[in-house]
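J.:
Protein chains: 2
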Amino acid sequence: MILLDGKKVSSEIREEIAAKVAEIRKSGGKIPHLAAVIVGNDGASETYVAHKVKACKQVGFGSTLVRLEADVKEKELLDTIDDINGNDDIDGVIVQLPLPDHISEEKVIERIKVEKDVDGFHPVNVGRLFIDQPSYVSATPNGIIELIKRYNIETSGKHCVVLGRSNIVGKPMAVLMARKGYPGDATVTLCHSRTKDIESLCRSADILIVAMGRAEFVTGKMVKDGAVVIDVGITRVKSKKTKSGWKLLGDVKFDEVAPKCSYITPVPGGVGPMTIVSLLNNTLKASGKEIYS
Amino acid sequence: MILLDGKKVSSEIREEIAAKVAEIRKSGGKIPHLAAVIVGNDGASETYVAHKVKACKQVGFGSTLVRLEADVKEKELLDTIDDINGNDDIDGVIVQLPLPDHISEEKVIERIKVEKDVDGFHPVNVGRLFIDQPSYVSATPNGIIELIKRYNIETSGKHCVVLGRSNIVGKPMAVLMARKGYPGDATVTLCHSRTKDIESLCRSADILIVAMGRAEFVTGKMVKDGAVVIDVGITRVKSKKTKSGWKLLGDVKFDEVAPKCSYITPVPGGVGPMTIVSLLNNTLKASGKEIYS
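These protein sequence lines are chains A and B, in that order. So the first sequence is numbered by this note's numbering: it starts at -6 and just counts up by one. So the second sequence is numbered by this note's numbering: it starts at -6 and just counts up by one.
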């Protein structure tokens, strides 16, 4: 069993990005710059945004954090996005979700200039992913694809079972694994809460991608020998064994499943660390006008 | 075995649309209007466009046919689209594909105003379909969904196997069948040329949607008893039995498969006739500003 070590891979990728930025700096080129917009003071959102801004600094990107009050008018947020869209120094912009109820997330996401939508949430980027045109792929699917590539995992002709049909993980993963080329060319089954006999479908998987948000849902008997298991879930549960009183669980019962696998992601330290480097990579691409020229 | 009679259903829908147009006319409202752009003189394209224009007339829509020479400059085609985009009398526009090699289909499709993209090919409409927001769904998937609805075919928890991963049929069908609600909530397996053991996957299907473009690919032994089979394929082959010297074959070996099915589409007369009514329906929606207000 080989651990898909997202922590290690993501730090390698950060170093690669930092090296590219150093080169750009040396040649007097434009330094990539990410703007992050946060509305209100939600604790989790604050943490996520802080991580992203820190990651930018570490690789040498410029970054701008725009804070707006929780009661900001929708129009003001849209105006802020317009300003960022029009600012040539800023290559990519993310708006931390969720937004307060009085603001339409749909409207906000669609207002972001497609060329700067490094979260890959704008319908144009989603649509282009779907029809296999170059686009910004959102952080989690992007990170999983990168892990698969770095470990040279064979995907062609494999049966890939995806558990969970969310817009930001399950559905894009299904499309990415089924598309032509590598990683891809897999036969993909998309399962969800209405799926019958999910156990035997899981057992038929050569590659199992789990994004249900149900702690330890996948048990040992649901996985076939030699399978590749990618666990996107992360649930915080109380624990008497840790100092903090909490521990993090994936959607996969790791101790039971891992011994059967050819490859498996740990939680934490698997998919999670890959997501921020995906954002960095998209920002680098935006700066280099790799997707939209 | 019940035949999914696309010819009959589509003519019912045309009558429903014609009745709505008559009402609009009576109340002095705006009559829906479709513009079709054709470039060059490809025989098949001419036939398709003529059918679409005729269908518009039959239900009482206005229609405009714009003909451009095969050697038209890309810019001129884009300008034509801009004119149509800006013309308030025109609710929907389609550009007949394929286009000559010197013109970028991607650029042309992205130039169409999303609100008038009744073919549903613009990345914004594709993306919105993918993330389950209101959008124009393209003709074939739209037509299949409508057939499933009209025959009240149960889809929740069913295993739907889709053969073919094209952007305009296979992938959107997979997403539509997997989404929440009806028709949907199916467990979906997307198969293609790289799929191993396609026969046994087909046999596991409660609903089998075939869009490979390979005449009579699906045989009797590949279908389980009671399955719903939807055949999107249409291949013209030589025949000594017909006056014309040609006959049309689907991707399914009808004579072998039909006796085992609960429902099956014939070819021709199944999915085919549903596609033009989907276009009419989208144009009606565009006129009523049902998707984008």
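Even glycine gets a Cβ: it sits at the ideal position worked out from N, Cα and C.
#1: Taking the beta strand (DSSP E) that T57(A) belongs to, which residues open and close that run?
#2: Roughly how many whole angstroms lie between the Cα atoms of G150(B) and I202(A)?
#3: Taking only runs of the beta strand (DSSP E) that begin and end inside the stretch 81 to 163 of chain B, which ones reach a length of at least 3 residues, in chain order?
#4: Check whether the stretch 56 to 76 of chain B and the stretch 95 to 103 of chain B are in contact - that is, three or more C-beta pairs closer than 8 Å.
#5: Name the chain A residues whose beta carbon is nearer than 7 Å to that of K164(B)?
#6: Scan the stretch 217 to 260 of chain B and note each continuous alpha helix (DSSP H) run of 4 residues or more that stays entirely inside, going in chain order.
#7: Count the other CB atoms, across all protein chains shown, that sit within 10 Å of the CB of E283(A); report buried if there are 16 or more and exposed otherwise.
#8: Go ahead and label M(-6)(A) buried or exposed: buried means 16 or more other beta carbons lie within 10 angstroms of its beta carbon, across all protein chains shown.
#9: For the stretch 98 to 109 of chain A and the stretch 256 to 270 of chain A, state whether three or more C-beta atom pairs, one from each stretch, are separated by less than 8 Å.
#10: In angstroms with no decimal places, state the Cα-to-Cα distance between R172(B) and S20(A).
#11: Taking the alpha-carbon positions, what's the L352(A) to L27(A) distance?
#12: Is it true that the CB of I227(B) sits closer than 8 Å to the CB of P261(B)?
#13: Roughly how many angstroms lie between the CA atoms of K189(B) and T180(A), to the nearest whole one?
#14: Rounded to a whole number of angstroms, what is the C-alpha to C-alpha distance between L71(B) and K45(A)?
#15: Taking 8 Å as the CB-CB limit, is Q126(B) close to chain A?
#16: Here's the rule: buried if 16 or more other CB atoms are within 10 angstroms of the residue's CB, otherwise exposed. What is I200(A)?
#17: Within the continuous alpha helix (DSSP H) that includes L71(A), where are the two ends?
#18: V216(A) to K246(A), Cα distance in whole Å?
#19: Below 8 Å on the Cβ atoms is my guess for P116(A) versus T148(A); work out the distance and round it to an integer in Å.
#20: Express the C-alpha separation of A198(B) and C153(B) in angstroms, rounding to a whole number.
#21: Please go through the same chain and pick out, in chain order, the residues whose beta-carbon is closer than 8 Å to the beta-carbon of V264(A), but skip the five residues on each side of it.
#22: T212(B) lies in the alpha helix (DSSP H); which residues open and close that run?
#23: Based on the DSSP output, what are the partners of I202(B) in its beta bridges?
#24: Could you pull out every residue in the same chain whose Cβ sits closer than 7 Å to the Cβ of K231(B), ignoring the five residues on either side in sequence?
#25: T40(B) by DSSP, collapsed to three states: which one?
#26: Output the distance between the C-alpha atoms of D248(B) and N145(B), rounded to the nearest integer angstrom.
#27: Chain B beta carbons: is any one of them nearer than 8 Å to that of T212(A)?
#28: Using a Cβ-Cβ distance cut-off of 8 Å, determine whether N135(A) contacts chain B.
#29: Work out the CA separation of K214(B) and Y129(A) for me, nearest whole Å.
#30: So is T235(B) buried or exposed if we call it buried at 16+ other beta carbons inside 10 Å?
#31: Please report whether the beta-carbon of D178(B) lies at a distance below 8 Å from any beta-carbon of chain A.
#32: Whose C-alpha, out of T276(B), Y285(B), G174(B), is nearest the C-alpha of G53(B)?
#33: By DSSP, does V264(B) sit in helix, in strand, or in coil?
#34: Using the C-alpha atoms, what's the distance from G120(B) back to V119(A)?
#35: Buried or exposed, going by whether 16 or more other CB atoms sit within 10 Å of the CB of G22(B)?
#36: Using the rule of at least 16 other Cβ atoms within 10 Å of the residue's Cβ for burial, across every protein chain shown, is G163(B) buried or exposed?
T.: To lay it out plainly:
#1: What you label residue 57(A) is simply residue 64 of the first sequence in a count that begins at 1. Where T57(A) is concerned, the enclosing beta strand (DSSP E) stretches over 55 to 61.
#2: For this step, residue 150(B) is matched to residue 157 along the second sequence. For this step, residue 202(A) is matched to residue 209 along the first sequence. Straight-line Cα distance between these residues: approximately 20 Å.
#3: 85 to 88, 152 to 156
#4: By the C-beta criterion, the stretch 56 to 76 of chain B is judged to be in contact with the stretch 95 to 103 of chain B, since at least 3 inter-stretch pairs fall below 8 Å.
#5: To locate residue 164(B), count along the second sequence from 1; it is residue 171. Those within 7 Å of K164(B) in chain A are F123, V168.
#6: 247 to 250
#7: If you number the first sequence from 1, residue 283(A) lands on position 290. E283(A) comes out exposed.
#8: Numbered from its first residue, the first sequence carries residue -6(A) at position 1. Per the 10 Å Cβ criterion, exposed.
#9: no
#10: Position 179 of the second sequence, counting from 1, holds the residue named residue 172(B). Position 27 of the first sequence, counting from 1, holds the residue named residue 20(A). So the alpha carbons of these two residues sit roughly 49 Å apart.
#11: Outside the shown range of chain A, which is -6 to 286, sits residue 352(A), and nothing can be said about it.
#12: On the second sequence, residue 261(B) is found 268 positions in, with the first residue counted as 1. On the second sequence, residue 227(B) is found 234 positions in, with the first residue counted as 1. For P261(B) and I227(B), yes; Cβs fall inside 8 Å.
#13: By 1-based counting over the second sequence, the position of residue 189(B) is 196. By 1-based counting over the first sequence, the position of residue 180(A) is 187. Cα to Cα, the separation comes out at about 8 Å.
#14: The residue labelled residue 71(B) in the question sits at position 78 within the second sequence. The residue labelled residue 45(A) in the question sits at position 52 within the first sequence. About 40 Å.
#15: The sequence position of residue 126(B) within the second sequence is 133, counting from 1. Answer yes: the Cβ-Cβ gap between Q126(B) and chain A drops below 8 Å somewhere.
#16: As a first step, residue 200(A) must be located in the first sequence, where it is residue number 207. Buried, because 16 or more other Cβ atoms sit within 10 Å of the Cβ of I200(A).
#17: Counting from one through the first sequence, the residue named residue 71(A) turns up at place 78. Unbroken alpha helix (DSSP H) run through L71(A): 67 to 79.
#18: Mapped onto the first sequence, residue 216(A) falls at position 223. Mapped onto the first sequence, residue 246(A) falls at position 253. Computed Cα separation, rounded: 11 Å.
#19: Within the first sequence, the letter at position 123 stands for residue 116(A). Within the first sequence, the letter at position 155 stands for residue 148(A). About 27 Å separates the two Cβ atoms, so there is no contact after all.
#20: If you number the second sequence from 1, residue 153(B) lands on position 160. If you number the second sequence from 1, residue 198(B) lands on position 205. If you take the alpha carbons of C153(B) and A198(B), they lie about 6 Å apart.
#21: As a first step, residue 264(A) must be located in the first sequence, where it is residue number 271. For V264(A), where only same-chain residues beyond five positions count, the Cβ hits under 8 Å are G(-1), T133, G136, I137, L140, I223, D224, V225, T258.
#22: Stepping through the second sequence from its first residue, residue 212(B) is reached at position 219. T212(B) -> no alpha helix (DSSP H), and no H or E assigned at all.
#23: For the purposes of this step, residue 202(B) is taken as the residue at position 209 of the second sequence. V155(B), I223(B), per the DSSP bridge assignment.
#24: As a working note, residue 231(B) is residue 238 in the second sequence. Here the set comprises G238, W239.
#25: Position 47 of the second sequence, counted from the first residue, corresponds to residue 40(B). Helix at T40(B).
#26: By one-based count along the second sequence, residue 248(B) stands at place 255. By one-based count along the second sequence, residue 145(B) stands at place 152. Their Cα atoms are separated by approximately 24 Å.
#27: As a first step, residue 212(A) must be located in the first sequence, where it is residue number 219. Closer than 8 Å: no.
#28: Walking along the first sequence from the start, residue 135(A) turns up at place 142. N135(A) does not count as touching chain B.
#29: If you number the first sequence from 1, residue 129(A) lands on position 136. If you number the second sequence from 1, residue 214(B) lands on position 221. Roughly 43 Å between the two C-alpha positions.
#30: If you number the second sequence from 1, residue 235(B) lands on position 242. Per the 10 Å Cβ criterion, exposed.
#31: In the second sequence, the residue the question calls residue 178(B) occupies position 185. Yes, because at least one Cβ of chain A sits closer than 8 Å to the Cβ of D178(B).
#32: Reading the second sequence from its first residue, position 60 is the one you call residue 53(B). The shortest C-alpha separation from G53(B) is found at T276(B).
#33: Mapped onto the second sequence, residue 264(B) falls at position 271. DSSP places V264(B) in coil when its eight states are reduced to three.
#34: The residue you call residue 119(A) lines up with position 126 of the first sequence. The residue you call residue 120(B) lines up with position 127 of the second sequence. Their backbone Cα atoms lie some 5 Å apart in a straight line.
#35: The count along the second sequence starts at 1 and reaches residue 22(B) at position 29. That one is exposed.
#36: Against the second sequence, residue 163(B) aligns to sequence position 170. Looking at its Cβ environment, which holds 16 or more other Cβ atoms inside 10 Å, G163(B) is buried.
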